[in-house]
Structures are given as structure tokens and as C-alpha cells.
Amino acid sequence: MAVMVGKGAMTNSIEELAGTDFLLVAGSNTTEAHPVISLRMKRAVRNGAKLVVIDPRKIELTKWASRHLQINIGTDIPLFNALAHVMIKEGLYDREYVEKRTEGFDELAKHVEFYTPEYAAEVCGVPAEEIIATAREYA
């Protein structure tokens, strides 16, 4: 996945987990691979954070999740594109930040137009409503 999305690691520091209200874990068996980070995530959940796990497997961390998107194997990217589709279509992003600090947003928006929640639901094997709810919570 790192080759496809450019990141094979967390996008934030471990310390930031304590103050978050939403955690998204995709394709990582964090409890097994990073037990210290897993403990911090569980602590955040106990303190009120919502946890969404995206993984074909029912890993230990799913016990702590408010939602488990148990996608079909190899369908991460269509799901991520559908999440972006919802956030862009519903305007659930910081327009000022995007205008000042990003490049290629218009191309991204055009690319993810095709990836409706309904399309991703068919491909990924999870309900469109769950995709929409996850996008809204993530945003």
C-alpha cells in the first residue's frame, strides 16, 4: 500500500493519539506489530475516541472499534477513493487549506468521481452507508 498511497506508516506522532477523537487503522494488525501504539489507541478509545478499523481480518483491535469495515482483500484503494468521493462531494474538507497548501486537488476530485459509495460497496463488500458514515466521521 505504501507504493500506492505514498505512506507505509502512521501520519501522526504517537503522542497525538492521546488527544484525538477519531482513529482510522487500515491494513495494520497494530496490536501484534506495534503493541505500545495499540495500548495508546485503546486508551484513546477508553477516553472517548472513535476507532474505525479497515481490514479483511477480524484482528484484536476490532474489539475496540466502533466500526469494522471488513473489506474484501485487495480493495483498500477503491474504499479510500470512495471516502474521498464523499468528503469532496459533501464539502467535508478545509477549502482554504487545500487552496493554499496542496497541488492536484482538482485532478483528485475528478478521479474519485467514479468511486461512489455504492460502487465501492459492491467492490469492497461493505455497505455504502458504512462508507458514508466513516467518511463523515473522518472529516
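Here this note's numbering is used: position 102 in the sequence shown is 134, and no number is missing along the way. Beta carbons are placed, not taken as given, at the ideal position from N, Cα and C, and that holds for glycine.
- Shown here, L124 sits in coil according to DSSP, grouped into three states, outside any helix or strand.
- Going by C-alpha positions, E161 is about 8 Å away from P149.
- In the three-state reduction of the DSSP assignment, K132 falls in the helix class, which pools H, G and I.
- For the pair E131 and A141, the Cα-to-Cα distance works out to about 13 Å.
- Shown here, A81 sits in coil according to DSSP, grouped into three states, outside any helix or strand.
- In the three-state reduction of the DSSP assignment, I103 falls in the coil class, being assigned neither a helical nor a strand state.
- Y125 and G59 have their alpha carbons spaced roughly 24 Å apart.
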